[in-house]
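Just so we're aligned, residue -11 is where the sequence shown starts under our numbering, counting upward by one.
No residue lacks a Cβ here, since even glycine has one placed at the ideal position from N, Cα and C.
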Amino acid sequence: MVKHPLERSFNHRTRKLVKITRQMVETRVVHLRQNEQELRKGAVFSYFVMAANHRPKTAKELRVLMDIYRVATILQFLSMSAVVIAFITALYATLSH
């Protein structure tokens, strides 16, 4: 079996270094994904806290705020419904076989 010229140039030490570097990068990517999820949750929570603490100064501001809350509530229920439907579909597809 003929090896590729670049493959021949790598010695054992270099291959080991490449393997270790790959493992470190993969581990780092997993940690970054976990941190990203935590940051997303924190951003959503802080947004709702800031929105809940806002005190409207006029009747028009109150009406606009209530309209935004109404739309946000509808969108929240729609997204939760989509998640439930996706979960049930996956469960059915998995358990049917």
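Alpha carbon of residue i to alpha carbon of residue j, nearest angstrom
i: Glu14; j: Thr82; result: 29 angstroms
i: Val71; j: Arg43; result: 33 angstroms
i: Ala47; j: Met68; result: 31 angstroms
i: Thr95; j: Lys29; result: The structure shown has nothing for residue 95, since the chain only spans -11 to 85.
i: Lys45; j: Leu63; result: 26 angstroms
i: Arg21; j: Leu27; result: 10 angstroms
i: Leu5; j: Arg16; result: 16 angstroms
i: Thr9; j: Thr2; result: 10 angstroms
i: Leu79; j: Met12; result: 35 angstroms
Option in the options with minimal Cα separation from residue i
i: Ile56; options: Lys29, Phe36, Gln22 and Leu5; result: Phe36
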